[in-house]
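Numbering (the numbering used here), first residue to last: -12 to 271.
Positions of the beta carbon are idealized from the N, C-alpha and C atoms, including for glycine.
Remember, it's a predicted structure, so these values are computed and weren't measured experimentally.
These notes are about the structure you will find just below.
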């Protein structure tokens, strides 16, 4: 099969401009039933903050209807689907379906309870990622908000869908913090693609849902790879079955990670305020 290459001035392979971006660590995380915790704030979250948690889920769709209501504060969550679908019913966004290319963006801010806003769709199974991002002091105790964005509203740049932030002139409708980009990418077998970090985005990772790819070394389905800090482009080549993956890049989060059970804040005082708010709005 012939190799497919995206060619433009912005996609010159980094090996043609200098050395390639180095992977500093890979992990398959800690599986627990349908969910694998690929990253937490006490391990890769320190290296990759503002990205502090990444869960990969793959299960029968009925698991969505069994989700329990739970709280968060101090973070934002980004949920994307790589296979299957889920339904949402939201007072602001109405009702609809989240499939490949769609997402839920939720800013917990000063405190929120959630977990019953989505239900199983028509697919028998569901696969995807949920990413937690640490918020700045200005946003960590701000009012909460959520958005359900269907696939037709997320812009595409070559093989990438811009789920959060901006990339190559395309901007997601998600009301996420500035300085952060999150892409959902599918490459055909043997296809080449180069990620060019936006200015100031020294933090980068990717995680493969299906297939495999080469980005300096092989990254298989179910693995997360963290890249060295810096703004060197990331050259990617899909394996023989192609690849579907998420890729995050961001300006480094220059604050401490102060952890609660469902919360991440920048200080003990901010955490106490978030946890107090969670208790004040606890569902009865």
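Suppose contacts are defined by Cβ-Cβ distances below 8 Å. Is residue 213 in contact with residue 31 by that definition? yes
Work out the CA separation of residue 177 and residue 248 for me, nearest whole Å. 42 Å
Go ahead and pull the three-state DSSP assignment for residue 52. Residue 52 falls in the helix class under three-state DSSP.
Give every residue of the same chain whose Cβ lies closer than 6 Å to the Cβ of residue 209, excluding the five residues on either side of it in the sequence, and list them in chain order. 15
With which residues is residue 18 paired in a DSSP beta bridge? The beta-bridge partner set that DSSP reports for residue 18 consists of 23.
Beta-carbon spacing of residue 113, residue 51 below 8 Å: yes
I need the straight-line Cα distance from residue 166 to residue 229, nearest angstrom please. The straight-line gap separating the alpha-carbon atoms of residue 166 and residue 229 is approximately 29 Å.
Residue 9: buried (16+ other C-beta within 10 angstroms of its C-beta) or exposed? Around the beta carbon of residue 9, fewer than 16 other beta carbons lie within 10 angstroms, which makes this residue exposed.
Where does residue 268 land, buried or exposed, given buried means 16+ other C-beta within 10 angstroms? exposed
Where in the stretch 146 to 221 do unbroken runs of the beta strand (DSSP E), each at least 3 residues long, occur, reported from the N-terminal end onward? 147 to 151, 167 to 174, 179 to 182, 190 to 201, 205 to 207, 211 to 214
Neighbourhood of residue 262 by C-beta distance below 7 Å, restricted to the same chain and skipping five residues each side: 60, 247, 250
Can you look up residue 138 in the DSSP assignment and give me helix, strand or coil? helix
May I have the straight-line CA-CA distance separating residue 146 from residue 119, to the nearest angstrom? Rounded to the nearest angstrom, the two C-alpha atoms are 24 Å apart.
List the endpoints of the continuous alpha helix (DSSP H) containing residue 95. From DSSP, residue 95 is part of no alpha helix (DSSP H); its letter is neither H nor E.
So what does DSSP say about residue 33, is it helix, strand or coil? helix
What is the residue span of the beta strand (DSSP E) that residue 109 lies within? Element bounds for residue 109: n/a, residue is neither H nor E.
Own chain, CB closer than 6 Å to residue 231, minus 5 neighbours either side, in chain order: Result list for residue 231: 69, 173, 196, 197, in chain order.
Own chain residues within Cβ distance below 7 Å of residue 115, not counting five before or after: 44, 66, 67, 68, 69
Residue ranges of each beta strand (DSSP E) within the stretch 217 to 260, 3 or longer: List check, beta strand (DSSP E) in window: 221 to 237.
Work out the CA separation of residue 72 and residue 87 for me, nearest whole Å. 8 Å
How is the beta strand (DSSP E) around residue 45 delimited, first residue to last? Membership of residue 45 in the beta strand (DSSP E) is indicated by the continuous run 38 to 47.
Taking 8 Å as the cut-off, decide whether the C-beta atoms of residue 224 and residue 201 are in contact. yes
Per DSSP, which one or two residues make a beta bridge with residue 115? Under DSSP, the beta-bridge partners assigned to residue 115 are 44, 68.
Give me the Cα-Cα distance between residue 237 and residue 136, rounded to the nearest whole angstrom. 21 Å
May I ask you to report which of helix, strand or coil DSSP gives residue 265? helix
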